[in-house]
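Asks: Mind having a look at this structure? Questions to follow.
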Amino acid sequence: MKKVRKAVIPAAGLGTRFLPATKAQPKEMLPIVDTPIIQYIVEEAVASGIEQIVIVTGQSKRAIEDHFDYPFELAYRLKEQNKLAELHEVERISELATFIYVRQKQPLGNGHAVLVARDVIGDEPFAVIWGDDLVDAQVPCVRQLIDVYQRHDASVMAVMRVPQQNIPKYGIIDAKEIEPRVHQVFDLVEKPALENAPSDLAAVHGYVLTPEIFEELEKTPAAKGGEIWLSDAIRSLMQRQKVFALEFEGKRYDAGNKLEFLQATVDFALKREELRADFVAYLQSLNL
Numbered sequence: 011m012k013k014v015r016k017a018v019i020p021a022a023g024l025g026t027r028f029l030p031a032t033k034a035q036p037k038e039m040l041p042i043v044d045t046p047i048i049q050y051i052v053e054e055a056v057a058s059g060i061e062q063i064v065i066v067t068g069q070s071k072r073a074i075e076d077h078f079d080y081p082f083e084l085a086y087r088l089k090e091q092n093k094l095a096e097l098h099e100v101e102r103i104s105e106l107a108t109f110i111y112v113r114q115k116q117p118l119g120n121g122h123a124v125l126v127a128r129d130v131i132g133d134e135p136f137a138v139i140w141g142d143d144l145v146d147a148q149v150p151c152v153r154q155l156i157d158v159y160q161r162h163d164a165s166v167m168a169v170m171r172v173p174q175q176n177i178p179k180y181g182i183i184d185a186k187e188i189e190p191r192v193h194q195v196f197d198l199v200e201k202p203a204l205e206n207a208p209s210d211l212a213a214v215h216g217y218v219l220t221p222e223i224f225e226e227l228e229k230t231p232a233a234k235g236g237e238i239w240l241s242d243a244i245r246s247l248m249q250r251q252k253v254f255a256l257e258f259e260g261k262r263y264d265a266g267n268k269l270e271f272l273q274a275t276v277d278f279a280l281k282r283e284e285l286r287a288d289f290v291a292y293l294q295s296l297n298l
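All residue numbers for the sequence shown refer to the working numbering, where the first residue is 11 and numbers rise by one.
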């Protein structure tokens with residue numbers, strides 16, 4: 011069994027839910043406190059044992075590449091000003107992993123975004139993590155997925171239970187639990203009507219996939235809007251391989267959603283020792 015050492019982060023979307031903030035900057039670069047969303051995603055991958063990060067970008071996404079590059083001029087200025095803590099932090103970011111950037115030249119769906127990384131991934135299992143989806147967990151979510159992959163030698167998706175009213179917003183699995191929190195998946199229904207939903211388990215955050223997914227993506231027809239969906243390719247993959255789902259442990263935030271972005275900002279700020287006391291005092295003063 012090959013080690014999972016590469017991750018693909020699709021980050022080519024337009025971020026229309028956060029306009030006008032995303033008119034000239036990538037949504038993945040919006041900060042949670044003082045750290046861009048995508049940096050949290052990268053750090054989760056690295057903490058899970060990932061060595062190589064493939065970021066799929068589009069137009070107007072150069073800020074992502076610049077963020078993970080070595081900041082020569084900034085480093086010089088920080089050193090000159092003896093701001094060594096800040097210097098260490100910006101240098102650390104550039105050394106997190108090996109970064110490779112691949113352009114998705116047209117907005118042809120999340121499945122197409124994964125497919126354009128094929129030449130970099132090669133014949134290896136790999137993780138896929140959405141660039142605006144955060145999970146705060148003691149054991150990184152991707153690490154949890156890799157552990158299931160290693161036990162079953164098969165693709166694994168992260169799932170969570172969602173309220174009934176939110177089911178039509180997600181890809182929902184039809185599955186059977188085979189061990190605590192681990193399910194064998196028999197179908198994945200994208201945004202079903204409530205009466206047709208096979209369960210309340212929604213696919214979120216990311217996957218660990220076998221390389222055969224690329225063959226399925228190549229032959230997956232475009233859906234409505236001309237987009238190729240990763241979920242359709244995974245459904246095809248189930249015809250030749252087992253696919254599993256893990257109810258991961260941790261708190262998930264859709265950071266592309268304004269309310270959950272704000273919730274993440276509050277929760278992550280409260281975890282910061284230098285901010286917590288003053289921030290708690292401020293929140294209490296609001297008398298909400």
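Heads up, the beta-carbon is just placed ideally off N, CA and C, and yes, glycines get one too.
Computed from a predicted model, the values in this text were never measured in an experiment.
So, helix, strand or coil for Ala107, using DSSP?
Replies: Residue mapping note: residue 107 aligns to position 97 of the sequence shown, counting from 1. Here Ala107 sits in coil by DSSP.
Asks: Taking all protein chains shown into account, do 16 or more other C-beta atoms lie within 10 angstroms of the C-beta of Val149, making it buried, or fewer, making it exposed?
Replies: One-based indexing of the sequence shown puts residue 149 at position 139. Exposed, because fewer than 16 other Cβ atoms sit within 10 Å of the Cβ of Val149.
Asks: For the beta strand (DSSP E) that Gly181 lies in, which residues bound it at each end?
Replies: Translated into the one-based positions of the sequence shown, residue 181 becomes position 171. Its beta strand (DSSP E) spans residues 181-189.
Asks: Rounded to whole angstroms, what's the CA-CA distance from Gln154 to Ala147? Just pull it up for me.
Replies: For the purposes of this step, residue 154 is identified with residue 144 of the sequence shown, where counting begins at 1. For the purposes of this step, residue 147 is identified with residue 137 of the sequence shown, where counting begins at 1. So the two alpha carbons sit approximately 10 Å from each other.
Asks: Report back the beta-carbon spacing between Cys151 and Gly260 to the nearest angstrom; my notes put them in contact at under 8 Å.
Replies: On the sequence shown, position 141 is the one that residue 151 refers to. On the sequence shown, position 250 is the one that residue 260 refers to. 6 Å between Cβ atoms; contact.
Asks: Taking only heavy atoms of the ligand FMN into account, decide whether any of them is closer than 8 Å to the Cβ of Val290.
Replies: Among the ligands in the structure shown, none appear at all, so the ligand FMN cannot be discussed.
Asks: Can you give me the Cβ contacts of Trp239 inside the same chain, cut-off strictly under 6 Å, excluding the 5 residues immediately before and after it?
Replies: Here the question's residue 239 lines up with position 229 in the sequence shown. If we look at Trp239 and ignore the five residues flanking it on each side, its Cβ neighbours are Gly119, Gly121, Ala233.
Asks: If you run the structure through DSSP and keep just helix, strand and coil, what is Arg250?
Replies: By 1-based counting over the sequence shown, the position of residue 250 is 240. Reduced to three states, the DSSP call for Arg250 is coil.
Asks: Nearest CA to the CA of Arg102: which residue from Arg191, Ala22, Thr230, Glu53?
Replies: Numbered from 1 along the sequence shown, position 92 holds the residue referred to as residue 102. Among Arg191, Ala22, Thr230, Glu53, the Cα nearest to that of Arg102 is on Glu53.
Asks: Report buried or exposed for Asp264, applying the criterion of at least 16 other Cβ atoms within 10 angstroms of its Cβ.
Replies: Position 254 of the sequence shown, counting from 1, holds the residue named residue 264. Classification for Asp264: buried.
Asks: Looking at Ala21 and Ile65, is the spacing between their C-beta atoms short of 9 Å?
Replies: Residue 65 sits at position 55 when you count from the first residue of the sequence shown. Residue 21 sits at position 11 when you count from the first residue of the sequence shown. Result yes, Cβ atoms of Ile65 and Ala21 sit closer than 9 Å.
Asks: Less than 9 Å between the C-beta atoms of Val172 and Ala185, yes or no?
Replies: If you number the sequence shown from 1, residue 172 lands on position 162. If you number the sequence shown from 1, residue 185 lands on position 175. No, Cβ-Cβ distance for Val172 and Ala185 is not below 9 Å.
Asks: On a Cα-Cα basis, can you pick out the residue from Asp277, Ala255, Glu237 that is closest to Leu211?
Replies: Translated into the one-based positions of the sequence shown, residue 211 becomes position 201. Comparing Cα positions, the closest option is Ala255.
Asks: On the criterion of 16 or more Cβ atoms from any shown chain inside 10 Å, does Met170 qualify as buried, or is it exposed?
Replies: Reading the sequence shown from its first residue, position 160 is the one you call residue 170. Per the 10 Å Cβ criterion, buried.
Asks: Compute the Euclidean distance between the alpha carbons of Arg113 and Leu106, then round it to the nearest angstrom.
Replies: On the sequence shown, position 103 is the one that residue 113 refers to. On the sequence shown, position 96 is the one that residue 106 refers to. Rounded to whole angstroms, Arg113 to Leu106 spans 21 Å at the Cα level.
Asks: How is the alpha helix (DSSP H) around Glu90 delimited, first residue to last?
Replies: Along the sequence shown, one-based indexing puts residue 90 at 80. Counting along the chain, the alpha helix (DSSP H) containing Glu90 begins and ends at 82-90.
Asks: Assuming Val158 is part of the beta strand (DSSP E), what are its boundary residues?
Replies: Walking along the sequence shown from the start, residue 158 turns up at place 148. Val158 -> not in any beta strand (DSSP E); alpha helix (DSSP H) instead, spanning 151-162.
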